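Peer 1: Handing you this structure, nothing more for now.
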């Protein structure tokens, strides 16, 4: 059950950053961007779940780390995508 909690925390971290980014932008909701964040959230959740298989115990700090790690995964994905798009426009 601990793996589910870790995966959920990472998933929620990605989705929280995506939601905050959308609210900050003031743009209309774009399904394509939401789906990209959803896919990123799934990958982050699986990655953290696999990594925490090697942990002995689950603490609130572990859940916080997974949440913030998921948020970081989404931020990195957006940065890499933005750089790639900027490079293609040159």
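In our numbering, the protein residues as written are 3 to 92.
Note that CB positions come from ideal geometry on N, CA and C, so glycine has one too.
For clarity, every value in this text was computed on a predicted model and none was experimentally measured.
1) How would you label residue 2, buried or exposed, when you count the other beta carbons within 10 angstroms and need 16 or more for buried?
2) In terms of alpha-carbon separation, which member of 88, 20, 67, 15 lies closest to residue 37?
3) In the DSSP assignment, find the unbroken alpha helix (DSSP H) run with residue 7 in it and report its ends.
4) Going by DSSP, what residue range makes up the alpha helix (DSSP H) through residue 77?
5) Suppose contacts are defined by Cβ-Cβ distances below 8 Å. Is residue 71 in contact with residue 50 by that definition?
Peer 2: Concretely, from the data shown:
1) Nothing about residue 2 can be read from this structure; the chain reaches only from 3 to 92.
2) 20
3) 4-27
4) 62-91
5) yes
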